[in-house]
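In what follows, a structure is listed as C-alpha cells, so that the remarks can point back to it.
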Amino acid sequence: MKIHHIGYYVKNIDEAIEIFQKLGYKISSECFFDETRKIFIQFLENHQGGGYRIELIAESEGCELFGKKFKKFGSTPYHICYECEEMERTLEELQKENFILIREPQPASAINNRRVAFMYSDAVGQIELLET
Ligand code: NI
Numbered sequence: 021m022k023i024h025h026i027g028y029y030v031k032n033i034d035e036a037i038e039i040f041q042k043l044g045y046k047i048s049s050e051c052f053f054d055e056t057r058k059i060f061i062q063f064l065e066n067h068q069g070g071g072y073r074i075e076l077i078a079e080s081e082g083c084e085l086f087g088k089k090f091k092k093f094g095s096t097p098y099h100i101c102y103e104c105e106e107m108e109r110t111l112e113e114l115q116k117e118n119f120i121l122i123r124e125p126q127p128a129s130a131i132n133n134r135r136v137a138f139m140y141s142d143a144v145g146q147i148e149l150l151e152t
C-alpha cells in the first residue's frame, strides 16, 4: 500500500517544526487545529532521496488521545498512514490479518475531510488508513 505520511507525536510543535526544517523538511500545510480531537497538526515534506511526508501532532488542553506511554517516551513516530481506495473493503481485508479497528472511519479535517481510520495489530502496531 502507498504510504501517505508518517505520524509523529511531538511535545512542542513549534520546536519540532524548526528542527525538522533543519533536517531538510519543508512546511506543506497550514498548522491545523482539530477541534474534535484537540490536537494541532502540521504536515511537512522532505523531497531529498524520494519524497517523504510527516504529520506532526501535538496535544492541546483536553486531548485524550495519548496516554502515559507518550508522556514517558516523549516525541516519537507512532503511526504510518496508508492510502486505500475503498475504506470498508480494506478494513475487512485487514481484519482477516488480525488487525483490530481502534477508530471508526471519520473525516479528517486536516486532509480535506477524506476519511481516516486507525487499526492495530500486535505484529506491526498502529496504522492509519486514508481513503483516496
Ligand atoms: Ni496520520
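If you read the sequence shown in our numbering, its first letter stands for residue 21, the second for the next number, and so on.
Idealized CB from N, CA, C, for every residue including glycine.
What you are looking at is a predicted structure, and each value in this text was computed from that prediction instead of being measured.
Beta-carbon contacts of residue i that lie in its chain and below 8 Å, excluding the five residues immediately before and after
i, result
"residue 137", "107, 111, 121, 123, 124, 125, 126, 148 and 149"
"residue 22", "102 and 103"
"residue 28", "36, 74, 75, 76, 77, 95, 96, 97 and 98"
"residue 80", "53, 58, 59 and 60"
"residue 88", "none"
"residue 26", "72, 73, 74, 75, 97, 99, 100 and 101"
From the options, residue whose alpha carbon lies closest to that of residue i
i, options, result
"residue 119", "133, 78, 52 and 141", "141"
"residue 74", "91, 96 and 89", "96"
"residue 6", "134, 145 and 143", "Only positions 21 to 152 of the chain appear in this structure, which leaves residue 6 out of reach."
"residue 166", "29, 84 and 47", "With the chain represented from 21 up to 152, any question about residue 166 goes unanswered, as that position is not in the structure."
"residue 152", "59, 47 and 105", "105"
"residue 130", "72, 30 and 63", "63"
"residue 3", "139, 39 and 100", "With the chain covering 21 to 152 only, the question about residue 3 has no answer from this structure."
"residue 67", "82, 45 and 51", "45"
Coarse secondary structure for residue i, derived from DSSP in three states
i, result
"residue 110", "helix"
"residue 38", "helix"
"residue 78", "strand"
"residue 91", "helix"
"residue 115", "helix"
"residue 129", "helix"
Exposed unless 16 or more other CB atoms sit within 10 angstroms - verdict on residue i
i, result
"residue 143", "exposed"
"residue 40", "buried"
"residue 114", "buried"
Neighbourhood of residue i by C-beta, 6 Å cutoff - its chain only, sequence neighbours within 5 removed
i, result
"residue 69", "none"
"residue 49", "63"
Short CB-CB distance (under 8 Å) between residue i and chain B
i, result
"residue 22", "In the structure shown, chain B does not exist; there is a single protein chain."
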